[in-house]
Structure formats: structure tokens, C-alpha cells
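Novice: Chains U and C are the protein sequences, given in the same order. In case it helps, the numbering used here puts the first sequence at residues 1 to 771. In case it helps, the numbering used here puts the second sequence at residues 772 to 963. Before I ask anything, let me first share the structure, which is written out below as C-alpha cells.
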Amino acid sequence: MLSEEQKILISAYYDNALSETERAQVENLLAKDPQCRAYLDEIKKLSSVLPSLQEQALSPDAEIKIRKTIYKESSMNTSKLKYPAMVLATLVVCVLVFQNYAHRALQSRVRDAGQYMTSQTTALGQTKQYEPYYQPSASFNIFGKGVQGKMKSSSHDIADQYSPNSTTASRANLGQQTTETSQVISLANTKQYEPYYQQSSYNVQKDSVDKKMMDEGLVAMDSAASRLKSGYQTTNYERAQILGREVDGSVTLQTTDQFVAAGALVKKNYPQVLATAGISEPMYLFHPYPVFKNENTEEYKSINDNQFLTALENPLSTFSIDVDTASYSNVRRFLLNNQMPPADAVRVEEMVNYFSYNYPNPKNNEPFSITTNMAVCPWNNQHQLLHIGLKGRTPDAAQLSPSNLVFLIDVSGSMDEPDKMPLLKDSFKMMINQLRPQDKVSIVVYAGNAGLVLPPTYGDHKEQIIAAIDAMQAGGSTAGGAGMQFAYQIAKEQFISGGNNRVVWATDGDFNVGTSDTSELVRLVEGHRQEGVFLTLLGFGQGNYKDGRMQQIADKGNGNYYYIDNLKEARKVLVNELGSVLFTIAKDVKIQIEFNPSAVQSYRLIGYEKRLLAKEDFNNDKKDAGEIGAGHTVTALYEIVPAGVQEEGNSVDPLKYQKAKSVNVSDEVMTVKLRYKQPNENTSKLITRTIKKSQITNEPTGDFAWASSVAEFGMLLRNSEFKGSATYDHVLRTARANINDDRFGLKIEFITMVENAENIAPSQNGQMQFK
Amino acid sequence: MEQTDEELWRAYNGGDQKAFDTLFNRHKGYVFNFSLRLLNSRADAEDVTSEVFLALFNKRFTADGRAKLTTWLLTVARNACISRLRSVKHTVSLWFSKDGEDAQEWDIPDSVPQPREAAVNKENVRLIAQALKVLPPEQKEALVLREYMGKDYAEISQILDCSLEKVKVLIFRAREGLRKELLPRLKEQGPC
């Protein structure tokens, strides 16, 4: 006789779901034991007869019904004024039901009526349920009185958070409701259906009340509640129904964030309920639909917004430029997937710098031009916004020095994903096609070990380089540290003096063998920075992405950092902007601004949180800072409180032991100072600019306006405490009005991102923040 | 080139209503048949299908790129089916007997030329439907996902929210049940 384990193995063997060793074991068994073969044959036979229970087509009637339901529900859901209509509809049902039943004076009938009513509201809102006052209380007994009461009050808490206005339903709104809902979404592109609640009388036919639906909600709630209580594994769907049932009519839980918030609230206030049920995971506790979240192990470094500093005490503001754009494409990946990005994934300066701006080209052989503008701040009309724009020189292609590029490519197991390895290969091939004959490329790959898969090869042997790229396969562990050392070693061996020596590193940032400590890697990179080898980091993949580590490494390695989420982004970075990515025209670029306290009360640098420098660092040529590439634009924004504006809660008593400093009153608002080094030099040069009051305009225009709308969006995504009157709507209006030049469709894409964010954001005023 | 589900999903999120239509047309049969096999009731399966696509329409699919849309659809459908199966029991006791209601939900192909074969086939289909119906729900889910939806064990474990080992055992038990109850009763069919 076959044991049960053997049978299980054979069954799984048939489905090809065994590990190598188990497989061999079963095959061995099959060869020896005829009983096994017979058993396998029976499974095969079973598999062959089952399909005679054929697939069924969805009948056209049913399909129409489904489309109708979807349309109807969604038009309810999208309508802002659904509550009054629903309350009214419920009242109408109530009246109808009472007409029919009340006079019979039979208690059981009254109970029926209550359930009718419940079911009708279920049909209307799906997620929204009204509890009639005469609802039999039996169905709630499972929870016990105390808990029920608490769940109730928790639901009221939720209600308060979500829909402060919804309880004040008024009949007067009804006319408006009708016009609102008549803006139909054409779902089926064939027919449009009139929602039944639009009928003039708002009567709901008794016959249309679906008994099954009525029962379903109650019963599911009952059984789920008892399961939850008894510690039985419930599905999220059931838990959501418990919550839906306990929450009164003024709440509609719809978005993931709302469910997460609700779960968090219950967890916080009523831990004993969850403890009884043996539930520890607060997130998604009540989300009725599966959220595949648990695999996400992405890492971000936390960012704290820069604060306002007073010009009197801190007249100098110093920071290093940042040309990275990785944060933008990472944020885009979230938003286009309809998820809000984690606040720490949003680096406002990288978002602003994602776009190229039309700043004037530099003159007189200077490596870059400086543009400054000032206007009234769009999200706080008491404040002003200062805009500083740099544009790097674009040397002729012929003048560009030859490149010595070492591609360092992560081929570890974690890269074996459709959005990593294949995308990486295509991206590199696009870049290789841009190479000139005098450029040379070596390729180092690493997984468990590091190895050279392409010896230094000149740019006119493109097929050879591409063949090496094609041959790469992902698998194994990740020795990131070893790979990096090897790549730098090759770069040094092939060093072109006066040329562009650079390691181009493509990875998801996940290392697990050898040096994997970030600070260790940072030190490694820093060591090689002195040798004149630059670094470009290309980030790939999602789910396990180590953004913080990548940014830190690029920052310290005279590097730039891009996140490649799709081929379009690869084209932007590696084809359209390759010059600025690969050819550094100035390094260690630092900006220092001296504010004039007679004009500026306080100021705040927007973004660049990780790039701040001490005021002494500005003149210290040993202090590393950002690089600027050929034709690159860099933008920085300051929010400024002009002198004389009264700010709430910001006052400090005058100092007792110090004399107030004397201030040089002049028309100048500030002086912008900039230091940079030529790529192959070690002493810096200085450029200065002053801004006068007369230059301040009413509102940002052109590039300035675009940059300000991107910054505004970033602040909204971060839910920054300084966002003032910023709204997604305002971002959209500004952005749409300032698209101007959009050759690569990037600005349109930005607008789509804002629209998505507006749809999925927890709430416009950001009240909903549960952490 | 045909757009992938994920591309369509993104397009729909970007405001393209047609993309939703395409998704609906592409997967309606998939979801409906899965629900029908679990519930054995056309009406219920239609309701579940409608629920699933309503959820999709309301943009409740929150992919982080790893989750396939089809897996998600089946997971939502499965949850909806479970809650329906549980409520059915109570419906019987609270309301009226559903006798006769789900007696025959499967269209039996009757266009087969030879009458005897048709009869055998019809009988076998009835037996299969009957045998599936009496399987414990969890085993049925696993088996349907494997045999009818062609999912691999990893995906089944994701949809059923359980371990791979459990999937193995569930499928094995379902097969055991069918092997003992169904196979001996099947009428031999002539060569097709």
C-alpha cells in the first residue's frame, strides 16, 4: 500500500510542483513500484475526465446586468452628493415597507421589514449600511455588549474622520444630485443606463428588493463576527463586512488608505477584540480586497523637511547641488500603479530636477549660467518664492573627451525579474548605440562572485558589446562589495587621463554577500573618488528596492543616480540626456546664499534635505558636493518670509545680553554665491549674483511656474507641514498652463501622476495620517 | 501587439474607460467560470462576477507590480464565493428551502450526433458536477484552481492565502475524494 505522503508526492509530481530532490525520489519510486504508476495513471485519468464539465459562457442578459450594476454603483460612488440621495431612498423604502407591513402588527413582519431595509441600502451603496433602530439585536450578541458599544464609537471616530459633512443630508441638495449623476460615464461604450434612483419619484419597487442580498450581509456578519471572536481565520472580506455593519450610515470605506486607517483605529482603541481573535497585523485588517503588500521590503531613508530659519540669526544658507532624478521616477512608478508613494521616497529637489528647463546657455567660457527669479509664493501669498536655475555648458560632441566606461552589472538572483534584467539589457543596448569609436567599455558582472565578461572594447565593436550584454543571466547571491572593487580596479587600469572615467553601476541595491553594510560601501566609493573615477548609479526593480543606500553611495562617489522604471525612462537617461549623465563639466558645485535681514525675515530651502552643508564648507575645497553634467539644468527653490510679515507661533523674545545686530538696509534681497571645480582640478572658482527687490514678480511664469508646481506636488505627497494652501487642483492648473515645450511627453505624464494622486490621496487636507 | 493586463490597468487608471472594457471582456468568462465551479449556481456566479469587476472598476486593485491581475481577480472572486457559500446555509433555515433551485446549472452539450454517447456524456457531466459539489470547499477551491484554471501551486497558495504544503495536501485530498467517489461511477465513453 502507498502511504499518504507518497500519494501527496505523486499528486504534486503530476502537477510539476516538486523540488529537484523530491522529483528524483518520486521518479525512482515510479520506476520500481507498479502501484505508484497505477496511482499516477488514476490521477491522469481524473484530469482527463474533469474537462468534460465545460466552460460556460456568460449569458448576454447576465453580462448586461453586470455592466449595469458596475455603472450604477460607480456612478453612486463617484457622485459627491450620494449621501442625500441614499438617505432619501432609504426613507422611501422605509415608508413603503411600513405601508405594507405595519398595519399587520406582526412582530415577525416588522423584523422582515427591518431586513428589507438593510438589504436595500446594501444594494445602493455596497459598502454602506444603515442600521434601523428596530433591528433585532440578536445578530450583534456575539460581540457582547461592551465590545459592540466600543466598535460603534470607533466607527463614529472613523465617521468623523472621513465625512464630516455627510450626516447633514438635506433634501435641498436633491435637485443638484440629479444633475450631478446625469454626467454619465460611458462604461460599456454601447449603452447608457439610467440609474434607478434618478426616476422622478425615487420609488424603489418592493419587488426589486433582493431577498438574498438582504440576508447575505447579516449572515456573513454574524458568522464572521463569531469567527473573529473565536479566533477562527477570517478573510479580510468578512472583517470588512463586520466593520461595514458596525459603522453607521455616514461612513463609506472605499480606498485602501481608508481601510488601513480603519484597521489601525480599531487596533489602537480595541486591542482586546483583536487579541481575542488572534490578529496582530494592523494593516489591511479590514480591507475586503487582497492587497499584496507583504513582499514589499523597499527601504527609504527618512527625510525631515527643512525648517524656516531667520535671516538675522542664520544669514547664510549653504547646500550642494543635486542632479539626481531617481526619486521622481520611483514616485511615478507608485502613482501610475495607483499607490501613494511613501513620504520618504519623495525628494522634492529630485522631482523638480527631473525636468530640463530652458535656462540661457552659459557665456564667456563659464561652465554654467545662473538664472534667478523671485515671485509671490503660489501656496502662501504672504510668502515669496526664490528660484535659482543653473545650466551647464554643452560642449560640441567632437570636443568631448573619450570615455573609459566600466559597466558594473548586478546579475544576482534578485535581478531575475521581468522589470529588472530584461529592462536592464535593453537599456544598456540603447546606451551602447550612442558610443563613439574612441569610447571604450568593459563589463564586470557580479552575483556570488565578480567577473569580467567583456574586456575593454572600443565603441566601434558594438556587436561584441551587445553580445556580452545578451549573454548575461541572473542567478545566485549578491556580492555587491566585491563587484564594486573589481570595477574600480578595471577603471583604474584603463584610466584615460583627461578623459571621462566612469563606473556605470546597475543594481536593485540588494546585497547579501561580503560587504553589504552601506557605510562600508560608501567608504569604498569615497576612496576611489580621489582617483578621478566618477560613478553613475542606475536603479532597477521594485518590491525590494534599496533607495536610501543607492542615494548615499551616489552622493559620496562623485556620482549621479537614476531610477529606471521603464524603457521610456531608459531612453531619457541613457539616450536623450546621455551627455549630461556621462560628461561632468563641473564638480563639487556648492551654492551659498546670504540673505539681507532688512528684506528677508526668514527662509526655507525646499528639498535638498540630504544636501545641506555647513557655512564653513562652502569655502572648503576638500568638502565633496554635487556634479553637473553637460547641458544639465539644476533648480533650487526657497520659500521666503519677507521682512515685516507677522508669522504665528514663531516669535522669540528679544535677546537680553546681545545688542540687536545692525543691518545694512539696501535694495538687495540676497546674494547668491556659487563655487565649482573643473572636473580635473582641485581648487574651486567663485561666481556671485545679487537679487534686488525690484525683480520680484507677482506670480511665477514659464519654467519657474513649472518648477514651483512640481515642488508644490512634492510637498503634497510628503504631506509637508509647509504646504500652506497647496492643493492637487492648484498644481494641475499651474502645470497645465505651463506645459510649453514637452518634446518627450514628460510633462503630460506629470499631469497624469497628479491626477492619480488626487484620486487616491487619503484626503485633500491630509487629515488622514496613520502611522 | 496585444496589451498586457497590467498595461490596460494602467491605461484605465489614466482615464481610459475603454481599457476597462477590454479587461472586462477578456476576463469575464474566466471569473464567471471560476465562481460557477465553486458555487454551482449561475445566478450566484453572475453576482460574484459583478462584484469582482465592480471592485476592479473602483480601482481596488493595488498592484505593486508582483501581483498579477488575474491572480487578484481570482482572489476577490474566491472571497466573495466563500461569503456566499456561508450565507446560503442560513438562507435555507431563515427563509425557504432552495430545493430544486440549483438542480441543474450546467448546460449539457446535446448536439452530439450519437444518442448513446450523448447520454453517456451527459451522465458523466452530471456525475462530475455532483462529485465536485460535495467536495469540502477548500479542497474544491484548490482543485478548481489547479485543474480548471491551470494555476501553479505558488499562485494557488497566494489566492488561498495558505502555505505551499497545504496546497499540496488540499489538492491531494480533493483528488482522493474524486478518485474514490467519481472514477468508479463514470460510464465508459466510446472513442471520441
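Glycine included, every Cβ here is placed at the ideal spot set by N, Cα and C. This one's a predicted model, so the numbers in the text were calculated from it and none came from an experiment.
1) Under the three-state reduction of DSSP, which class applies to U/Ser-11: helix, strand or coil?
2) Counting only the same chain and skipping the five closest in sequence on each side, list residues whose C-beta sits under 8 Å from that of U/Pro-402.
3) Pull the bridge partners of U/Gly-557 from the DSSP assignment, please.
4) Does any CB atom of chain U fall closer than 7 Å to the CB of C/Lys-904?
5) From U/Gln-551 to U/Phe-744, what does the alpha carbon distance come to, in whole angstroms?
6) Is C/Glu-926 buried or exposed, if buried means 16 or more other CB atoms sit within 10 Å of its CB?
7) Can you give me the start and stop residues for the beta strand (DSSP E) that U/Met-374 sits inside?
8) For the region 793 to 825 of chain C, enumerate the residues whose C-beta is nearer than 7 Å to any C-beta of chain A, in chain order.
9) Using a Cβ-Cβ distance under 7 Å, would U/Gln-601 count as near chain C?
10) Buried or exposed: U/Leu-9, going by 16 or more other Cβ atoms within 10 Å of its Cβ?
11) Would U/Thr-69 pass as an interface residue toward chain C - the criterion being a Cβ-Cβ separation below 7 Å?
12) Please report how far the alpha carbon of U/Val-453 lies from the alpha carbon of U/Ile-443, in whole angstroms.
13) What do you get for U/Glu-22, buried or exposed, if any count of 16 or more other CB atoms within 10 angstroms of its CB means buried?
14) Could you tell me if U/Gly-455 is buried or exposed, where buried requires 16 or more neighbouring beta carbons within 10 angstroms of its beta carbon?
15) Whose C-beta lies closer than 8 Å to the C-beta of U/Tyr-14 among residues of the same chain, with five residues either side of it excluded?
16) Just checking, does the region 615 to 630 of chain U make contact with the region 579 to 589 of chain U on the three C-beta pairs under 8 Å criterion?
17) For the alpha helix (DSSP H) holding C/Asn-784, just list the boundary residues, first then last.
18) Verify the CB distance criterion: does U/Ile-66 have a CB-CB separation below 7 Å to chain C?
19) Closest to C/Lys-939 by CA distance: which of U/Ala-737, U/Phe-407, U/Arg-37, U/Lys-7 is it?
20) Please state whether DSSP places U/Asp-410 in a helix, a strand or coil.
21) Below 7 Å on C-beta distance, what does U/Glu-42 contact in chain C?
22) Are the C-beta of U/Thr-310 and some C-beta of chain C separated by less than 7 Å?
23) In chain U, what lies closer than 8 Å to C/Lys-939 by C-beta?
24) By Cβ distance below 7 Å, which residues in the same chain neighbour U/Gln-473 in space, the five residues on each side in sequence not counted?
25) Measuring alpha carbon to alpha carbon, tell me which residue in U/Leu-309, U/Ala-62, U/Ala-12, U/Ser-19 is nearest U/Tyr-638.
26) I'd like the span of the beta strand (DSSP E) that includes U/Ser-602, first residue to last.
27) Using the Cα positions of U/Asn-816 and U/Glu-463, report the straight-line distance between them to the nearest angstrom.
28) Taking the CB atoms as reference points, tell me whether C/Val-905 and U/Ser-52 lie closer together than 7 Å.
29) For the structure I just gave you, are there three or more beta carbon pairs, one from the region 534 to 546 of chain U and one from the region 412 to 428 of chain U, closer than 8 Å?
30) What residues from chain C crowd round U/Val-533, counting only those whose CB sits closer than 7 Å?
31) CB C/Thr-820 to CB C/Val-847, shorter than 7 Å?
32) Relative to chain U, which residues along the region 910 to 926 of chain C have a C-beta separation below 9 Å, given in chain order?
33) Could you pull the start and end residues of the beta strand (DSSP E) that U/Ile-585 belongs to?
34) Would you identify the three-state DSSP class for U/Val-533, choosing helix, strand or coil?
35) Starting from U/Ser-347, trace the alpha helix (DSSP H) both ways and give me its first and last residue.
36) Report all residues from its chain with a CB closer than 6 Å to the CB of U/Leu-312; omit the five preceding and five following residues, and keep chain order.
Specialist: Taking the definition as stated:
1) helix
2) Arg-436, Gln-438, Asp-439, Lys-440, Ile-496, Gly-499, Asn-500
3) Paired residue(s): none; U/Gly-557 is not in a bridge.
4) no
5) 26 Å
6) buried
7) 368 to 376
8) Protein chains U and C are contained in the structure displayed, whereas chain A is not.
9) no
10) buried
11) yes
12) 6 Å
13) exposed
14) According to the sequence as given, residue 455 of chain U is Pro; it is not Gly. Label assigned to U/Pro-455: exposed.
15) Leu-40, Ile-43, Lys-44, Ser-47
16) yes
17) 776 to 784
18) yes
19) U/Lys-7
20) strand
21) Arg-950, Leu-954
22) no
23) Ile-8, Ser-11, Ala-12, Ala-17
24) Val-411
25) U/Leu-309
26) 600 to 606
27) Any answer about residue 816 of chain U is impossible in this case: the structure gives chain U only from 1 up to 771.
28) no
29) yes
30) What U/Val-533 touches in chain C: nothing, since even the nearest Cβ is about 33 Å away.
31) no
32) Leu-914, Arg-917, Glu-918, Tyr-919, Asp-923, Tyr-924, Ala-925
33) 584 to 595
34) coil
35) Before going further, note that residue 347 of chain U is Arg rather than Ser in the sequence given. Premise fails: U/Arg-347 is in no alpha helix (DSSP H) and is neither H nor E.
36) Pro-597
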